[in-house]
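The structure appears right after this line, and notes come after that.
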Ligand code: B12
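Chains as they are written, first to last, in the working numbering: chain A, 102 to 562; chain B, 367 to 586.
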């Protein structure tokens with residue numbers, strides 16, 4: 102059984118080593134694509150158009166998946182791309198009924214192999230099943246039919262030969278949603294630093310074991326339900342941008358837990374703090390930015406491209422555009438972006454390219470600011486000074502507040518007064534957070550709706 | 367004399383539930399009717415809070431705090447007339463459809479509707495068509511509001527509408543649908559009454575639907 106090996110030192114110690122396309126510990130996929138070895142590859146994620154999924158429509162759904170993957174690979178071949186990566190992120194029906202998920206994984210893998218045989222194009226598949234545990238409220242995290250179904254699907258993906266596996270796990274999300282809407286950073290620190298990290302240890306111990314059994318790579322867990330929800334709410338003007346940015350940095354220790362349990366990346370695209378993971382662990386990362394605007398809007402379109410090893414579109418459904426399917430168009434966009442990034446490296450302009458990407462966004466939004474490599478190199482070492490997930494999460498949030506306050510004062514990032522006021526509010530709340538999880542739990546529980554989660558599933562008495 | 371209503375509005379804006387409750391009690395003590403407290407202070411202040419959010423002058427937590435303060439004030443009025451505003455304004459059942467767990471948008475719609483004085487019964491997430499029907503039969507709502515965020519759960523909107531139509535209760539309710547992948551065209555196809563893109567329009571639409579329902583039933 103996999104156990105946690107806390108990270109205590111940085112894999113990357115100099116900002117000069119932090120670049121796109123290259124990481125300290127590259128991985129190699131089954132068809133031989135080296136991720137993090139110098140080249141940025143596209144990662145295309147695709148999903149179904151509006152349709153019901155059940156036994157009578159499943160053949161149609163399989164057909165759509167086949168059509169999508171063929172369209173994607175065909176275009177990649179036409180554009181002379183020698184390697185691409187694909188993500189199959191299921192919609193819940195495909196994890197709930199593992200036979201659907203497994204069959205569609207097989208369809209996708211078969212087409213990938215066929216294209217490799219016919220045209221020589223290499224491809225790799227990330228399988229991202231859903232965290233079904235939250236379909237029951239309050240969620241049961243460590244047993245029950247949802248958990249069993251997830252295990253069946255993870256194993257199925259491994260047996261079929263998926264290259265790596267990811268998830269957007271939801272432990273702690275029970276209290277995070279409301280904390281986000283009330284802008285309570287203390288509760289968010291509890292949700293991520295105590296609940297989520299506890300669950301990640303359990304979940305990733307299982308996932309890493311399954312990966313080891315099947316020769317699949319454990320590729321990490323996205324804090325989507327925490328930090329992306331925050332980012333989307335801030336983008337709508339519903340919560341402060343500063344708040345979303347601090348939540349983002351506070352998600353680093355949660356994501357790090359998967360690596361401490363044995364994941365080796367590439368991290369998932371919507372884990373926007375990938376740069377922190379790359380600096381701390383040396384693992385390759387996937388990122389999404391401007392090419393993900395078909396999925397949701399964001400303030401980090403360019404800066405997100407400053408450090409990726411895989412460059413993704415998040416996800417797009419099959420709809421017809423004037424040029425063809427949106428999925429095929431997505432592949433083309435990613436390929437052109439990757440060509441540009443890689444050509445810049447080849448011509449010796451990588452640092453300039455990174456500067457352009459970073460400087461075009463980072464002064465305009467706090468979320469973009471905290472993705473700057475220099476900010477990463479400032480905050481990441483502070484986070485790993487402790488091995489305790491709660492202390493790390495508190496530190497991450499506190500550092501983010503401090504960095505943003507300094508940047509605002511120095512006029513380095515645009516933050517309006519209403520947003521800036523929340524930096525002070527957060528600072529006060531963070532200072533009050535105890536560093537002992539048991540004490541924190543005692544203090545915070547009266548503020549939490551305990552009907553929403555099962556405390557014992559998180560080892561909370 | 368109107369000062370106390372002004373004060374009540376102010377404490378609602380600042381989200382002070384305790385002060386809102388005291389100000390309401392004070393207003394009652396001074397002889398204000400429940401109706402004037404609701405109509406002149408509570409509803410206008412929450413309407414203004416919604417507008418402030420729409421204009422980008424406040425964030426959600428401030429609206430939620432104000433909403434809590436308003437509910438504290440309503441609580442102080444409750445012994446005097448129960449369900450006063452709810453019945454008058456209308457009852458709305460809301461839920462995220464089966465298979466879908468996305469609820470932030472739905473919760474925001476729900477919050478804004480209840481702060482506008484509607485009685486909102488939130489059925490939560492992953493709500494089946496059977497549960498929607500049962501709730502219609504139990505609560506006799508004026509409006510049923512459905513939210514779906516996944517392309518694979520959008521068709522559930524149609525299933526629900528068909529199901530309650532078959533059960534014969536469709537004429538009793540107006541139906542609003544929403545969520546990122548839902549479109550006005552689709553809403554029309556499945557015979558929903560209203561689709562809106564955001565929570566502000568959802569509130570306006572709800573007010574309008576209720577008006578229409580009132581005229582439908584009273585002017586005949
Ligand atoms: C945040 C988010 C999540 C959070 C949800 C947290 C929560 N408690 O709701 C989490 C991380 C948990 C999540 C999970 C998943 N998600 Co998600 N999620 C999103 C995201 C980024 C934003 C949604 C959101 O909250 N927006 C903010 C709110 C305020 O906006 P809104 O919901 O649109 O609501 C507004 C209006 O639509 C309207 N409205 C809403 N409801 C109603 C109802 C009525 C009656 C009316 C009138 C109006 C109305 O008013 C609201 C306020 O103005 C979307 C992207 C997107 N484009 O929507 C993806 C997205 C919907 N998710 C997606 C996916 C794939 C998933 C998962 C399957 C991921 C996974 N790997 O497991 C799971 C599915 C879980 C499930 N069974 O439902 C995909 C869907 C793809 C598809 N095929 O449809 C999207 C589009 C992202 C993407 N492109 O990849 N997700």
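By construction, the Cβ of each residue, glycine as well, lies at the ideal position given by its N, Cα and C atoms.
Min CB distance residue i to chain A below 8 Å
i              : result
residue 425(B) : yes
residue 560(B) : no
residue 494(B) : no
residue 516(B) : yes
residue 465(B) : yes
residue 448(B) : The predicted position of residue 448(B) is uncertain, since its pLDDT is 49 and thus under 50; a value taken from the coordinates is nonetheless stated next. It does not; no Cβ of chain A falls within 8 Å.
residue 521(B) : yes
residue 547(B) : yes
residue 470(B) : yes
Cβ-heavy atom distance, residue i to ligand 1, below 7 Å
i              : result
residue 401(B) : no
residue 480(B) : no
residue 192(A) : yes
residue 114(A) : no
residue 333(A) : yes
residue 171(A) : no
residue 470(B) : yes
residue 418(A) : yes
residue 559(B) : no
residue 466(B) : yes
residue 474(B) : yes
residue 565(B) : yes
residue 232(A) : yes
residue 511(B) : yes
residue 75(A)  : Any question about residue 75(A) goes unanswered here, given that chain A covers just 102 to 562.
residue 274(A) : yes
residue 494(B) : no
residue 454(A) : no
residue 515(B) : yes
residue 373(B) : no
residue 547(B) : yes
residue 485(B) : no
residue 568(B) : yes
residue 298(A) : no
residue 390(A) : no
residue 542(B) : yes
Strand pairing of residue i, partner residues [DSSP]
i              : result
residue 227(A) : 188(A), 265(A)
residue 542(B) : 511(B), 560(B)
residue 412(A) : 143(A), 388(A)
residue 129(A) : 135(A)
residue 444(B) : Answer is none; residue 444(B) lacks a bridge partner.
residue 319(A) : 266(A)
residue 485(B) : 457(B)
8 Å Cβ cutoff, residue i in contact with chain B
i              : result
residue 206(A) : no
residue 190(A) : no
residue 236(A) : yes
residue 518(A) : no
residue 287(A) : no
residue 290(A) : no
residue 278(A) : yes
residue 429(A) : no
residue 282(A) : yes
residue 154(A) : yes
Residue j beta carbon less than 8 Å from that of residue i
i              : j              : result
residue 301(A) : residue 352(A) : no
residue 471(A) : residue 504(A) : yes
residue 527(B) : residue 556(B) : yes
residue 72(A)  : residue 149(A) : Given a span of 102 to 562 for chain A in the structure shown, any question on residue 72(A) remains unanswerable.
residue 489(B) : residue 460(B) : yes
residue 364(A) : residue 321(A) : yes
residue 70(A)  : residue 405(A) : In the structure as shown, chain A begins at 102 and stops at 562. Residue 70(A) is therefore absent and cannot be evaluated.
residue 350(A) : residue 508(A) : no
residue 354(A) : residue 494(A) : yes
residue 510(B) : residue 548(B) : no
Residue i: contacting residues in chain D (beta-carbon distance under 8 Å)
i              : result
residue 422(B) : The chain labelled as chain D is not found among the protein chains of the depicted structure, namely A and B.
Exercise. Which ranges does the beta strand (DSSP E) cover as unbroken runs of at least 3 residues, wholly within the segment 252–312 of chain A, from first to last along the chain?
Worked result: 265–268
Exercise. For the segment 403–457 of chain A, which segments carrying the beta strand (DSSP E) assignment without a break, of at least 3 residues, lie completely within its bounds, in sequence order?
Worked result: 411–413
Exercise. Mind pulling the alpha helix (DSSP H) runs of 4 or more residues that sit fully within the segment 489–522 of chain A?
Worked result: 490–510
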